[in-house]
Every structure is written in C-alpha cells, then in structure tokens.
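Chains as they are written, first to last, in the numbering used here: chain A, 1 to 197; chain B, 1 to 197. Ideal placement from N, C-alpha and C gives every residue a C-beta, glycine not left out. To keep things clear, I will list the structure first and then write my remarks on it.
There are 2 protein chains.
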Amino acid sequence: MPPTSETLTAERILEATEEVLRRHGPAKATVVDVARALGVSHGSVYRHFRTKAALREAVTKRWLDRTSGQLSGIVAADRVPEDRLRDWLAALFAAKRRKAGEDPELFATYMVLTDENGTAVGEHITDLETQLTRIIQAGVEAGDFAATDPEASARAVFQATGRFHDPCYAREWEEPGTEADFAAVVDLLVQGLRRAQ
Amino acid sequence: MPPTSETLTAERILEATEEVLRRHGPAKATVVDVARALGVSHGSVYRHFRTKAALREAVTKRWLDRTSGQLSGIVAADRVPEDRLRDWLAALFAAKRRKAGEDPELFATYMVLTDENGTAVGEHITDLETQLTRIIQAGVEAGDFAATDPEASARAVFQATGRFHDPCYAREWEEPGTEADFAAVVDLLVQGLRRAQ
DNA sequence: CAGCTGACAGATATTGAAATCTGTCAGCTG
DNA sequence: CAGCTGACAGATTTCAATATCTGTCAGCTG
C-alpha cells in the first residue's frame, strides 16, 4: 500500500490514528496498525510519540479541541449573557451527543482516556470551565447575574449539567424526556444565577 | 459446615448473598457459593429466586432501601423546607460516599446493576425523586419556593446533583475540593428554587 | 407432599500456550 | 547524519481446551 510519500509528521500520524480508531475501536487499534496504515515501520511512529498512551491522548486532545473551538464562538457572541449561557450549554450537549452517536469508537476512546486520568481530559474540562466563567463574568458585569465568585459558579454550572455532557451518561442521551430534563436543569441554574429581584 | 438449621427463607438467602458479595465481589460471587455458605444445594436457592440476576437485584434493592429509609426521616422532619432540602441532599451524598468507601464490593454490585438497567435502581431513583418532590412541594406551600411543577423541579435537582450521588462519580468523591463543589451546586440550586424577591 | 437434592445440558469463565504488541536500539539508507 | 528500519525482550492479548456455573427437573426424604 504506497502511502503519501510526504515526510512523516505528527499530524499525519494523528490523522491515520484517528482513522484506525474509528475503524477498529480503542481496544483493537494498535501502533502497528497505525504504522501499517501509513506504510511505515512502527518504530517511526515511536519517533513522534513516546508511547501508545501518548498517541491516544494526542488524538483525543485534537478531537476535544475541535469541540472547545466551536463553543468559544458562542462565548464571544454578541448576545445577552443569559442567552449565551443557554446557547453554550445547549451546544455542549448537542456536540457531545452528536459525537457519541456519529463516532462511537472515538467516543469510546475518549471514555477510556477519562478513566486513565490523562491530562487531556482534565485540560479540556478546565478549558470549558474557563469559557463558562467568561460568560458568567459578563453576566455579572451586565448586572444580570449575582455571582460573587464567577469561577466557582461556572464550576457549579458545569458539574450540575454533567448529566448532559459527561460521557458516562451517553447511553441515556437518546432516551425520550432527555430534552425536557435538560431544559429543566438549565432553567433552574439560570434562575439561580440571576440577580435577586 | 452445619448451617443454622432453621428453614431456608428468602431473607436468610439474602443475608448470605450479601455476605458472599461483600467477601468475593460481584464478578466472583456465584449461586453455588451462596448455597455453600448456607449449607444447602444451589437448587434450593433457585426455589426462592428464579435467576441469579433476580437474587442480585433483591440484594441490591434491600441495600438501597436502607438508604431510602434513612432519608425519608429527613423529609418528615420539622424544619424549614430549604433546610430539609439541604439536609436531604447532604445526607444522600454522605450515605452514598460512605457505602462506596465501606462496602466497595457491594457498591460494585450496585454499579453492575445500574448498567444492567434492572428495575431496582430505577425504583430507587423514583423513590428518591418522590421524596425530593415532597420537600419542594412543602417549600412551595410555605411560599419559600417558586416551582410551578414540583415534580419536574425535584427531577432537575436530583439530576443536577448527580455528581454527588451517582455511582459513576464514586472515584472522585474523596478528592479535595469535593465538599466545596457540593456546597456550590446546592447553593445554586436552592437559589434557583427560591421565590423571586 | 412440601421442600430439598444432585445429576444434567447448555452457557460462561478460567487457564495456559501461542501469537501479537509495545517500546528500544543498533545499524542501514538517501 | 537525520530519519527510518526491523529484530528483539518483555508485556499483553488471543484462542481453544478445560472447568465451573446457571437453571431445570425427576426423584428422594422427613
């Protein structure tokens, strides 16, 4: 199988790894498979990624960063903070749900990584909480929200909506009533953030 | 091994099963083991429980019901609804955390059952949501809470606090900062329930 | 005869040998 | 000589044979 004869770059390896993961799933996706897909020896892959875990983590990071990137657009949007918050949470839920449905194998890899406590997932969560903090901060400045500690509030909102973005709930996202449950939780949280009166 | 020579009852089987589960864990706890612990043949166990899954579910149900029973005392307590709500959520968190720590094997069984989608876990959740509904209903009647649909609000509160009672988060319950996170989420939810002004 | 036993068939789990994979590195190649 | 290869040791996974378990039931027993 003659591969693209360009030089072997980390990016090309990540591309191929994502494809192999998508095809074979996390359990049955070896470094040898990735090398074979690229038409190189597996030793060459180890030149760019120290371990298999590092490779898997890099793939997941890239994948998670795409979600973060999409969401950051909402943070910067020109809307009332409350609407930005609602949009952001809805977009997060939609993105996770779509990924779980469309790329089940990659999603499974993500779940493996969550268990492994790799830094990529932790950083992704920190990133999302930072985005949320900005929205809440904007709401406080606009006088709409009453949070004394926007960062803590952001963390609370993120954790309270876990049922709608945490992979461990993925199975339940397609059940009927989920939309209503999501709306109820978001309404309750938004109400809690609002300045009294 | 001469067993207690009383007649074999469902209760005695449950007792023995719980002990076997505690000792061996859910993966390595067979019906044969349970029968051996009771000094009877495994056929006798099947006289009381149609399948192994039914036995496991009955054990878990008994175990879950103990928690529900403790919490129901708080629902009926003579306190302001908001305090009852806070106490109830704190007690739920404390109970789950204690069980995860003290009876890890039984807790693992509970998690297996959650995956299996048995009715026991569903009923337990329904039970807890009903208790929450009563507290919120009391808060609405006292004019403290503004919920238009106490049942939906109860469900939202329950789901929003999932991080602090859902078994899939058990590992994180002992990490530093968890208490503060819990307090932040509860504060936000209580604030959201309060009557405006 | 109500309740229990133990043998049985089919399903599931365990085990150990063989195959594959991970990660390293000396040496080849362009 | 920078980058790649491929052989290698030890770790992990696969696979098939074996053992154990689940669920049933005819018959034993008190």
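Residue i, buried or exposed, once every other Cβ within 10 Å from all chains shown has been counted against 16
i, result
"alanine 76/A", "exposed"
"proline 104/B", "exposed"
"valine 80/A", "exposed"
"glutamate 172/B", "exposed"
"glycine 73/B", "exposed"
"alanine 142/A", "exposed"
"glycine 43/B", "exposed"
"threonine 60/B", "buried"
"glycine 122/B", "exposed"
"valine 34/A", "buried"
"valine 31/B", "buried"
"alanine 226/B", "A query on residue 226/B cannot be resolved here, the shown segment of chain B reaching from 1 to 197 and no further."
"alanine 27/B", "exposed"
Rounded straight-line distance, which links the Cα of residue j to that of residue i
i, j, result
"alanine 154/B", "leucine 21/A", "40 Å"
"glutamate 175/B", "threonine 130/A", "21 Å"
"arginine 12/B", "alanine 90/A", "50 Å"
"aspartate 181/A", "threonine 161/A", "10 Å"
"alanine 10/A", "phenylalanine 49/A", "8 Å"
"histidine 124/A", "glycine 118/A", "11 Å"
"glycine 177/B", "lysine 96/B", "17 Å"
"alanine 101/B", "phenylalanine 107/B", "The sequence given here places glycine at residue 101/B; alanine does not occur at that position. Glycine 101/B and phenylalanine 107/B: Cα-Cα distance of roughly 9 Å."
"valine 190/A", "alanine 147/A", "11 Å"
"aspartate 78/A", "arginine 84/A", "8 Å"
"aspartate 87/A", "arginine 47/B", "56 Å"
"glutamate 179/B", "alanine 152/A", "13 Å"
"valine 140/B", "glycine 25/A", "50 Å"
"tryptophan 63/B", "lysine 99/B", "10 Å"
"glycine 192/B", "lysine 52/B", "44 Å"
"glutamate 57/A", "threonine 126/A", "16 Å"
"phenylalanine 93/A", "alanine 94/B", "29 Å"
"threonine 7/A", "alanine 54/A", "21 Å"
"arginine 195/B", "phenylalanine 158/A", "24 Å"
"alanine 29/B", "arginine 23/B", "8 Å"
"valine 185/A", "valine 45/A", "45 Å"
"proline 150/B", "alanine 120/A", "39 Å"
"glutamate 82/A", "leucine 188/B", "15 Å"
"aspartate 115/B", "phenylalanine 145/A", "39 Å"
"arginine 163/A", "alanine 183/B", "18 Å"
Closer than 9 Å at the beta carbon, the chain A residues around residue i
i, result
"aspartate 181/B", "Ala152, Arg155, Ala156 and Gln159"
"glycine 73/B", "By Cβ distance, chain A contributes nothing, its closest Cβ being about 26 Å from glycine 73/B, past 9 Å."
Chain-ordered chain A contacts of residue i [CB-CB under 7 Å]
i, result
"arginine 163/B", "Gln159 and Gly162"
Proximal chain B residues relative to residue i, where beta-carbon distance stays under 8 Å
i, result
"glycine 69/A", "Here the premise fails: no neighbours, minimum Cβ distance about 26 Å."
Neighbouring residues, chain B, relative to residue i (Cβ below 7 Å)
i, result
"glycine 139/A", "Within chain B, no residue comes near glycine 139/A; the closest Cβ sits about 13 Å away, beyond 7 Å."
Proximal chain A residues relative to residue i, where beta-carbon distance stays under 8 Å
i, result
"leucine 189/B", "Ala160, Leu188, Leu189 and Gly192"
"valine 185/B", "Ala156, Gln159 and Ala160"
Discussion item. Count Cβ pairs between the region 109-120 of chain B and the region 67-76 of chain B that sit closer than 8 Å; are there 3 or more?
Written reply: no
Discussion item. Does the region 131-146 of chain B come into contact with the region 166-175 of chain A, if we say contact requires no fewer than three beta-carbon pairs (one atom in each stretch) closer than 8 Å?
Written reply: no
Practice prompt. Can you check the region 12-82 of chain A for any alpha helix (DSSP H) of at least 4 residues that lies completely inside it and give the ranges in chain order?
Written response: 31-38, 42-48 and 52-75
Discussion item. Between the region 10-24 of chain A and the region 36-52 of chain A, can you find at least three pairs of beta-carbon atoms closer than 8 Å?
Written reply: yes
Item to complete: Could you name each continuous alpha helix (DSSP H) segment of 4 residues or more that falls completely within the region 108-171 of chain B, going from the start of the chain to the end?
Response: 119-141 and 150-160
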